[in-house]
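Novice:
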Amino acid sequence: MLQLEDVKLNYGSFRALDGINLSVREGELVVMLGANGAGKSSMFLAISGLRKLSGGKVRLAGTDITRASPNTIVSRGLVQCPEGRKLFASMSVERNLMLGGYVHRADKAGLKTRLEEIYEMFPILREKRDDHAGSLSGGQQQMVAIGRALMGRPKLLLLDEPSLGLAPLVVRQVLDTIKSINAGGTTVLLAEQNAYAALQIADRGYVMESGRVVLEGSREELLNNETVRRAYIGG
Numbered sequence: 736m737l738q739l740e741d742v743k744l745n746y747g748s749f750r751a752l753d754g755i756n757l758s759v760r761e762g763e764l765v766v767m768l769g770a771n772g773a774g775k776s777s778m779f780l781a782i783s784g785l786r787k788l789s790g791g792k793v794r795l796a797g798t799d800i801t802r803a804s805p806n807t808i809v810s811r812g813l814v815q816c817p818e819g820r821k822l823f824a825s826m827s828v829e830r831n832l833m834l835g836g837y838v839h840r841a842d843k844a845g846l847k848t849r850l851e852e853i854y855e856m857f858p859i860l861r862e863k864r865d866d867h868a869g870s871l872s873g874g875q876q877q878m879v880a881i882g883r884a885l886m887g888r889p890k891l892l893l894l895d896e897p898s899l900g901l902a903p904l905v906v907r908q909v910l911d912t913i914k915s916i917n918a919g920g921t922t923v924l925l926a927e928q929n930a931y932a933a934l935q936i937a938d939r940g941y942v943m944e945s946g947r948v949v950l951e952g953s954r955e956e957l958l959n960n961e962t963v964r965r966a967y968i969g970g
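This is the structure we're talking about:
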């Protein structure tokens, strides 16, 4: 579904990504682990076409999307749910959700059906549909952000730090939802600092440091890796 080949990304003279190679197979849930500044968000921006690469290639389902525009990438089925949610706080919950389906705006019936599916997944959003998104709790705002991304009908969903700033119980609910989305057939690439919780739902994972992938393995391999446990899990 996704393949990165020697991906490099510079911000001026600073190299944020330094030769990233990774793959995500169709149907997988893959987690990217790493501390702040490791390059996870930069990698997602590069994949989504929001930052132009300094080198390397990105392929989606075998098609080279390295130089494709962000809207073209979304129309091909790759949708990102950004770090920090990035909602339009003064707009209603439903308006935020509908914006996620803009690329499919000609299919009004399909969008209405999709919106109902989001409300079934997150019943509280149906109750809050006319409320300003900025008035919701952090967990509810994350539901809106995930729902907005799902309105784009992704084949591959990128989730950047969805547990950031949430209470432990809400984190568990969000990750359970992500696992359910994946079980429903959507391939997921998840960036997380909460390594232990993320690995509980992942098939495989990668560890990033300073813009490079330094380790990869199955869920079990990473959970039992002493370096990963010491740096990201503890105990």
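Position one of the sequence shown corresponds to residue 736 (the working numbering), numbered consecutively onward.
Ideal placement from N, C-alpha and C gives every residue a C-beta, glycine not left out.
Note that this is a predicted model, so its numbers are computed, not measured.
1. Which partner residues does residue 939 have in the DSSP bridge list?
2. Check residue 786 in the structure and name its three-state DSSP category.
3. Buried or exposed: which applies to residue 858, given that a residue is buried once 16 or more other Cβ atoms fall within 10 Å of its Cβ?
4. Considering Cα atoms alone, identify which of 872, 887, 760 is closest to residue 816.
5. Would you give the residue range spanned by the alpha helix (DSSP H) that residue 809 belongs to?
6. Can you grab the Cα-Cα spacing for the pair residue 840 / residue 828, in whole Å?
7. Report the CB separation of residue 934 from residue 879 in whole angstroms; it is logged as a contact under 8 Å.
8. Does the pairing of the stretch 923–933 with the stretch 895–906 give three or more beta-carbon distances under 8 Å?
9. Given residue 838, which residues of its chain have a CB within under 8 Å of its CB, disregarding the five upstream and five downstream residues?
10. Do the stretch 942–950 and the stretch 794–804 touch if we need at least three Cβ pairs shorter than 8 Å?
Specialist: If we stick to the structure as given:
1. 765, 953
2. coil
3. Exposed: under 16 other Cβ atoms inside 10 Å.
4. 887
5. For residue 809, the uninterrupted alpha helix (DSSP H) segment begins and ends at 805–810.
6. 18 Å
7. With a beta-carbon spacing of about 26 Å, residue 934 and residue 879 fall beyond the 8 Å limit used to define contacts.
8. As far as the Cβ criterion goes, the stretch 923–933 touches the stretch 895–906, which means the pair count is three or higher.
9. Excluding its 5 nearest sequence neighbours in each direction, residue 838 has C-beta neighbours in its own chain below 8 Å: 806, 809, 810, 887, listed in chain order.
10. Segments in contact, no.
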